[in-house]
Amino acid sequence: EGWRSRAAPPPMVPARAAAWFASGAATYALLRVAVHRALSRRALSSSRPPPPTALRPPPAMESILDAVGNTPLVRLRKVPGLREDVKLYAKLEAFNPLGSVKDRLALGVLAWAAHTGALKPGQTVVEASSGNTGIGLAMVCAEKGHPFVCVMAESFSVERRKLMRFLGARVVLTPAHLKGTGMVRKAEELAEAHGWFLASQFTAEANAWIHEVSTGPEILAQLAPRKPDYVVVGVGTGGTLTGVGRFMRDAAPNCQMVALEPDNAPIFSAAERTPYDAQGRHVAPHPLWRPHLLQGWAADFIPKIAQEAFDEKTCKQVVPVAGDKALEMAAALAAREGILTGTSGGGAAARAP
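For the sequence shown, this note's numbering assigns the number 1279 to the initial residue and increments by one for each residue that follows.
In structure tokens:
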């Protein structure tokens, strides 16, 4: 130890031996440091918890459109009214790039139209939307190079208008008293007058198709080897209800689809259907429709896609949801589960248990 503590060896030691001793001393010192660090890391690592989740980063993506779908399926454990014998899972569609299930619709409708030649390169797209479909279409159009025009009733969210404009879209407002029918008629008028492509979310076959080939298979894969007993869906256009229902009919025949509607606008559970003309346009608003708190659910007519779920018997049950209960459950999901959702997500969770 004395040799290692000196700056130089005694003069009687030959130069070669001195170099050897100096090298050995340096090596010994480095080994001490390495052992000390290793022991420190071991002690530190033993006091750390394991990583909370496995790191499974998705592969690099070619565009934002590759991020649509494959959303998490998360078990809910602390929502009010949940029975102990029920395992309840939420499909978190807010994990789509623009924050809603309508990103799937937007991607599916435009991909279908481009494939069939109905949508030309650079052609303007127009659609009637309460917000989320318009936001999803604005994203897809921005990436694909299509101008986009959204028609909204003036009673819908100002924030959604701002977001669409930020994405490069134009927003056309219609009077609130004309309701959803007024939005659709204005979008049809603009498409015909200017030669624009009308996305037609309420009637486009691609709306149900995208959920049949993505949302349904995802749910089954995420629950494997189990299969769902029920899939509970708030109904707007009916794309999710009909598409997932068609997939489950073959892949999980015992699964029951449950449609949710606002309790003060019971158009899906009513005996009266929405009449359509030869061009596929609904003729008049549904007489039982009333303004409600569940934005995105239940326009003032029954969309053809939604009606198909009942005609095909893939959905046989309709359950009403009160707007105030939907708001309460949305707040409970945030405070108890750490999940942020709107009234539609709150409404689905409120009736699912």
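Note that CB positions come from ideal geometry on N, CA and C, so glycine has one too. In this text, all values refer to a predicted model and were calculated from it rather than measured experimentally.
Only counting the same chain, and skipping five residues up and downstream in sequence, which positions put a Cβ closer than 8 Å to that of residue i?
{"i": "Arg1448", "result": "Pro1425, Phe1426, Val1427, Cys1428"}
{"i": "Gln1573", "result": "Ser1408, Gly1409, Phe1434, Ser1435, Gly1620, Thr1621, Ser1622"}
{"i": "Ala1486", "result": "Gly1516, Gly1517, Thr1520, Gly1521, Arg1524, Ile1583, Glu1586"}
{"i": "Glu1550", "result": "His1564, Pro1565, Leu1566"}
{"i": "Ala1604", "result": "Leu1571, Leu1572, Thr1621, Ser1622, Gly1624, Gly1625, Ala1628"}
{"i": "Ala1548", "result": "His1564, Leu1566"}
Quickly, what does DSSP pair residue i with across the bridge? List them, please.
{"i": "Ala1431", "result": "Thr1452"}
{"i": "Lys1369", "result": "Leu1351"}
{"i": "Ala1537", "result": "Val1511, Val1596"}
{"i": "Phe1475", "result": "Val1403"}
Could you give the C-beta distance for residue i and residue j, rounded to a whole number, given that I count them as a contact under 8 Å?
{"i": "Pro1581", "j": "Gly1516", "result": "5 Å"}
{"i": "Thr1518", "j": "Val1379", "result": "6 Å"}
{"i": "Thr1592", "j": "Arg1527", "result": "5 Å"}
{"i": "Val1510", "j": "Arg1629", "result": "7 Å"}
{"i": "Leu1468", "j": "Val1404", "result": "5 Å"}
{"i": "Val1450", "j": "Glu1615", "result": "Contact flag wrong, Cβ pair sits at about 38 Å."}
{"i": "Glu1466", "j": "Thr1452", "result": "With 8 Å as the limit, Glu1466 and Thr1452 do not qualify as a contact, their Cβ atoms being about 12 Å apart."}
{"i": "Asp1578", "j": "Lys1457", "result": "4 Å"}
Residues in its own chain within less than 6 Å of residue i by CB, not counting five upstream and five downstream?
{"i": "Thr1619", "result": "Ala1608, Leu1611"}
{"i": "Lys1505", "result": "Ala1530"}
{"i": "Phe1475", "result": "Leu1397, Gln1401, Val1403"}
{"i": "Arg1315", "result": "none"}
{"i": "Ala1406", "result": "Val1429, Met1461, Val1462, Ala1465"}
{"i": "Glu1490", "result": "Gly1521, Arg1524, Phe1525"}
Would you check if the distance between the CB atom of residue i and the CB atom of residue j is smaller than 8 Å?
{"i": "Leu1445", "j": "Ala1420", "result": "yes"}
{"i": "Arg1438", "j": "Gly1409", "result": "yes"}
{"i": "Leu1366", "j": "Leu1354", "result": "yes"}
{"i": "Ala1626", "j": "Leu1538", "result": "yes"}
{"i": "Ile1545", "j": "Leu1566", "result": "yes"}
{"i": "Ser1492", "j": "Gly1400", "result": "no"}
{"i": "Gly1423", "j": "Met1442", "result": "no"}
{"i": "Gln1479", "j": "Leu1383", "result": "yes"}
{"i": "Ile1497", "j": "Lys1594", "result": "no"}
{"i": "Pro1553", "j": "Val1599", "result": "no"}
{"i": "Ala1543", "j": "Arg1559", "result": "no"}
{"i": "Val1387", "j": "Ala1499", "result": "no"}
{"i": "Trp1575", "j": "Gly1514", "result": "yes"}
Enumerate in chain order the residues of its own chain whose CB-to-CB distance from residue i is below 7 Å, with the five nearest sequence positions on each side excluded.
{"i": "Ala1613", "result": "none"}
{"i": "Leu1343", "result": "Leu1385, Val1418, Glu1421"}
{"i": "Arg1284", "result": "With a pLDDT of only 46 at Arg1284, under 50, the local geometry of the prediction cannot be trusted, and the value read off the model is given with reservation. Closer than 7 Å at Cβ, skipping near neighbours: no residue."}
{"i": "Phe1373", "result": "Thr1349, Pro1350"}
{"i": "Ser1339", "result": "With the sequence shown as reference, residue 1339 is identified as Met, and Ser is not the correct amino acid for it. The residues are Ala1345."}
Using a Cβ-Cβ distance cut-off of 8 Å, determine whether residue i contacts chain B.
{"i": "Val1596", "result": "Although the question refers to chain B, the structure presented lacks it and comprises just one protein chain."}
* Ignoring anything shorter than 4 residues or poking outside the stretch 1561-1627, list the alpha helix (DSSP H) runs there in chain order. => If we require 4 residues or more, the alpha helix (DSSP H) runs fully inside the stretch 1561-1627 come out as 1582-1589, 1601-1610.
* Where in the stretch 1389-1440 do unbroken runs of the alpha helix (DSSP H), each at least 4 residues long, occur, reported from the N-terminal end onward? -> Listed in chain order, they are 1410-1422.
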